[in-house]
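Report on the structure given below.
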Amino acid sequence: MGWEDTLSTNLILSRRDASRLKERMNAVPLESVLLVKGTVIPRPSGQENSKMATGAVEVQAKDVQILNTCRKLPFEIKDSVKKSESLRMQYRYLDIRRFVDVETPTLFKRTPGGAKEFLVPTQEPGKFYSLPQSPQQFKQLLMVGGLDRYFQVARCYRDEGSRPDRQPEFTQIDIEMSFVDQLGIQRLVEGLLRYSWPEEKGALPDSFPIMTYAEAMSSYGVDKPDTRFQMKVRHLSYSYRHLSPGLCHHGAALLGHGAKYLKGKALDSTLQTIRDQYKQDVMAVTVRSDGSWKSSLGRNLTEELQKVLAGVTRAKAEDLLLLAAGPLNTACNALGKLRLELASQLEECGVPLRDPSAFHFLWVVDFPLFLPKEETPGQLESAHHPFTAPHPEDMALLYTEPAK
């Protein structure tokens with residue numbers, strides 16, 4: 036998909052459709068948006084173009100769909116075509132085909148949904164502005180208005196207090212692009228980071244690992260996993276449901292190293308905080324230095340169950356095992372929070388887990404389009420914002436089973 040740049044492109048057509056398609060193409064103005072379907076094939080020998088990224092291939096078109104026609108332009112948009120400076124300035128939005136840096140307004144109106152907003156009173160009683168959560172609506176208007184590529188070092192404001200991953204006000208690199216896919220965005224951001232990365236921090240890889248949202252939540256309990264250390268969430272329900280039905284149905288377990296450091300009132304306080312926050316019970320199992328097991332499960336922790344747990348989690352002497360019984364998502368979320376909290380506590384006790392100088396960049400993809408509301412779980416809300424598009428293969432579920 037893209038713009039029609041020149042009329043000198045060769046069209047390979049079947050005799051049946053040639054006259055009709057040729058007539059349509061000749062009537063299409065330059066810079067119109069076309070969708071071409073066909074087969075990518077190597078160019079004939081001697082016709083390769085080393086000046087183009089795709090100069091070794093061509094598309095054998097089977098169908099051309101006109102998505103949007105362009106009105107007559109004041110000049111042909113090519114660097115080789117000379118035009119006056121005044122004309123270029125007048126039609127600057129046409130002349131610039133690279134990224135355009137646009138500074139969007141800081142004072143805006145309130146928008147429903149999303150984060151809570153800061154309000155700014157005006158001199159007129161009862162009238163307020165709000166500080167934008169992000170430039171989302173502004174950049175959407177820019178794209179609708181015809182800007183191909185936009186970026187901004189944007190200030191964002193959210194009246195939700197401080198969190199480890201977000202402050203009430205923060206700065207982000209905001210990017211919007213036309214005619215690009217997920218891989219194109221990933222390669223752009225990776226290149227931006229490599230270019231701007233300090234040399235003393237070491238070189239970044241050419242591409243970053245990719246993890247699905249489902250895998251991140253299942254193995255780490257969070258959608259922004261810290262992969263600098265292991266201690267992954269382990270799923271146990273299918274391993275020992277037959278041994279202790281109902282005890283940990285749909286449960287998950289996390290192996291935390293260093294039981295000799297995490298014990299007593301400090302551990303009890305941490306577990307109670309998780310219980311209160313997630314309404315999720317979490318049980319601690321300690322593997323003593325002599326290999327015996329201690330837990331609040333009592334007689335439910337049979338010898339056979341210990342063998343199953345040890346096999347799944349690879350628990351060994353002086354390890355701490357945490358079990359969560361309940362719905363899978365809730366159990367994983369609780370254990371994901373515990374994973375990070377206990378890792379920090381172990382590091383405070385001198386157990387090296389994470390290298391503070393290491394950076395493990397990671398793409399998390401395939402986020403859900405909707406999630407249950409925290410206040411009313413029976414209702415759905417956008418996981419990010421209403422401008423997010425579903426996967427094409429899931430489009431039919433949008434109005435039938437949106438929770439999927």
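Counting in the working numbering, the sequence shown runs from 36 upward without gaps.
Beta carbons are placed, not taken as given, at the ideal position from N, Cα and C, and that holds for glycine.
The structure presented is a predicted model; accordingly, all values stated were derived computationally and were not measured.
Could you give the uninterrupted runs of the alpha helix (DSSP H) lying entirely in the region 354–396, keeping only those of 4 residues or more?
363–383
Please report the distance separating the alpha-carbon of Thr423 from that of Gln175.
Sequence index remark: in the sequence shown, residue 423 carries index 388 (1-based). Sequence index remark: in the sequence shown, residue 175 carries index 140 (1-based). Looking at the two C-alpha atoms, the distance is approximately 12 Å.
Restricting to Cα atoms, I'd like to know which of Arg123, Cys105 and Arg106 is closest to Lys113.
The sequence position of residue 113 within the sequence shown is 78, counting from 1. Of Arg123, Cys105 and Arg106, the residue nearest in Cα terms is Arg123.
Name the DSSP beta bridge partners of Thr321, please?
Position 286 of the sequence shown, counted from the start, is the residue given in the question as residue 321. Answer is Lys329 and Leu355.
List the residues that DSSP assigns as beta-bridge partners of Asn103.
Taking the sequence shown and counting its residues from 1, the one referred to as residue 103 is at position 68. Bridge partners of Asn103: Val68.
In the region 189–240, which residue ranges form an unbroken beta strand (DSSP E) of at least 3 residues, counting only runs that do not cross its ends?
204–212
Rounded C-beta distance between Val99 and Val75? I'm assuming under 8 Å.
Here the question's residue 99 lines up with position 64 in the sequence shown. Here the question's residue 75 lines up with position 40 in the sequence shown. Going by Cβ atoms, the distance from Val99 to Val75 rounds to 15 Å, so no, they are not a contact pair.
Cβ atoms of Thr337 and Ser330: under 9 Å apart, would you say?
Counted from its first residue, the sequence shown places residue 330 at position 295. Counted from its first residue, the sequence shown places residue 337 at position 302. No, the pair does not count as a contact, with Cβ atoms beyond the cut-off.
Straight-line gap, Ala189 to Glu409 (C-alpha atoms, nearest Å):
For the purposes of this step, residue 189 is identified with residue 154 of the sequence shown, where counting begins at 1. For the purposes of this step, residue 409 is identified with residue 374 of the sequence shown, where counting begins at 1. Ala189 and Glu409: Cα-Cα distance of roughly 29 Å.
Collapsed DSSP secondary structure at Ile76 in the structure displayed:
Position 41 of the sequence shown, counted from the start, is the residue given in the question as residue 76. Ile76: strand per DSSP, three-state reduction.
Return the chain-ordered list of same chain residues with a C-beta closer than 8 Å to the C-beta of Pro280, the five sequence neighbours on each side being excluded.
One-based indexing of the sequence shown puts residue 280 at position 245. With a pLDDT of only 48 at Pro280, under 50, the local geometry of the prediction cannot be trusted, and no value is derived from it.
Span of the alpha helix (DSSP H), counted from its first residue to its last, around Phe173:
For this step, residue 173 is matched to residue 138 along the sequence shown. Gln171 to Val179 is the span of the alpha helix (DSSP H), which, as asked, contains Phe173.
Taking 8 Å as the threshold, find out whether the region 233–247 comes into contact with the region 356–370 through three or more Cβ pairs.
no
Inter-residue CB distance, Val137 and Tyr192 (contact presumed, cutoff 8 Å)
For the purposes of this step, residue 137 is identified with residue 102 of the sequence shown, where counting begins at 1. For the purposes of this step, residue 192 is identified with residue 157 of the sequence shown, where counting begins at 1. About 18 Å separates the two Cβ atoms, so there is no contact after all.
Can you list, in chain order, the residues of its chain whose CB lies under 8 Å from that of Arg145, leaving out five sequence neighbours each side?
If you number the sequence shown from 1, residue 145 lands on position 110. Answer for Arg145: Glu152, Leu154, Phe163 and Ser165, listed in chain order.
Local Cβ density within 10 Å of Ile208, reported as buried at 16 or more and exposed below that
Within the sequence shown, the letter at position 173 stands for residue 208. Classification of Ile208: exposed, given that the 10 Å Cβ count is below 16.
For Glu120, does the three-state DSSP call read helix, strand or coil?
Looking up residue 120 in the sequence shown gives position 85. The answer is helix: DSSP assigns Glu120 an H, G or I state.
When the Cα atoms are used, what is the spatial distance from Pro443 to Lys86?
Coverage of the chain is limited to positions 36 through 439, which leaves residue 443 absent and any answer about it impossible.
Lys97 vs Gly73 beta-carbon contact at 9 Å:
Position 62 of the sequence shown holds residue 97. Position 38 of the sequence shown holds residue 73. The answer is yes: Cβ separation under 9 Å.
Excluding the 5 residues flanking Thr440 on each side, which residues of the same chain have their C-beta closer than 7 Å to its C-beta?
No answer is possible for residue 440: the residues shown for the chain start at 36 and end at 439.
Quick one: measure Cβ to Cβ for Phe402 and Tyr248, integer angstroms, because I've assumed they're closer than 8 Å.
Taking the first residue of the sequence shown as 1, we reach residue 402 at position 367. Taking the first residue of the sequence shown as 1, we reach residue 248 at position 213. So it is a contact: roughly 5 Å between Cβ atoms.
Identify, in the order they occur along the chain, each residue of the same chain with its Cβ nearer than 7 Å to the Cβ of Leu306, setting aside the five sequence neighbours on each side.
By 1-based counting over the sequence shown, the position of residue 306 is 271. Val317 and Ala319.
Consult DSSP for Val399 and reduce its assignment to one of helix, strand or coil.
Residue numbering aside, residue 399 sits at position 364 when the sequence shown is read from its first letter. If DSSP states are grouped into helix, strand and coil, Val399 belongs with the strands.
Let me check understanding here. Comparing Cα to Cα, which of Ala438, Asp390 and Gln95 lies closest to Gln265?
For the purposes of this step, residue 265 is taken as residue 230 along the sequence shown, with counting starting at 1. Among Ala438, Asp390 and Gln95, the Cα nearest to that of Gln265 belongs to Asp390.
Could you give the DSSP three-state label for Arg132: helix, strand or coil?
Mapped onto the sequence shown, residue 132 falls at position 97. Coil.
Thinking C-beta only, is Glu66 closer than 9 Å to Leu108?
On the sequence shown, position 73 is the one that residue 108 refers to. On the sequence shown, position 31 is the one that residue 66 refers to. The answer is yes: Cβ separation under 9 Å.
For Leu297 versus Val347, is the C-beta distance shorter than 9 Å?
Mapped onto the sequence shown, residue 297 falls at position 262. Mapped onto the sequence shown, residue 347 falls at position 312. For Leu297 and Val347, no; Cβs fall outside 9 Å.
Assuming contact is defined by CB atoms lying nearer than 9 Å, are Gly256 and Cys367 in contact in what I supplied?
Along the sequence shown, one-based indexing puts residue 256 at 221. Along the sequence shown, one-based indexing puts residue 367 at 332. Yes, the pair counts as a contact, with Cβ atoms nearer than the cut-off.
Inter-residue spacing [alpha-carbon to alpha-carbon] between Glu383 and Asp194:
On the sequence shown, position 348 is the one that residue 383 refers to. On the sequence shown, position 159 is the one that residue 194 refers to. Cα to Cα, the separation comes out at about 31 Å.
Please state whether DSSP places Leu404 in a helix, a strand or coil.
On the sequence shown, position 369 is the one that residue 404 refers to. DSSP places Leu404 in coil when its eight states are reduced to three.
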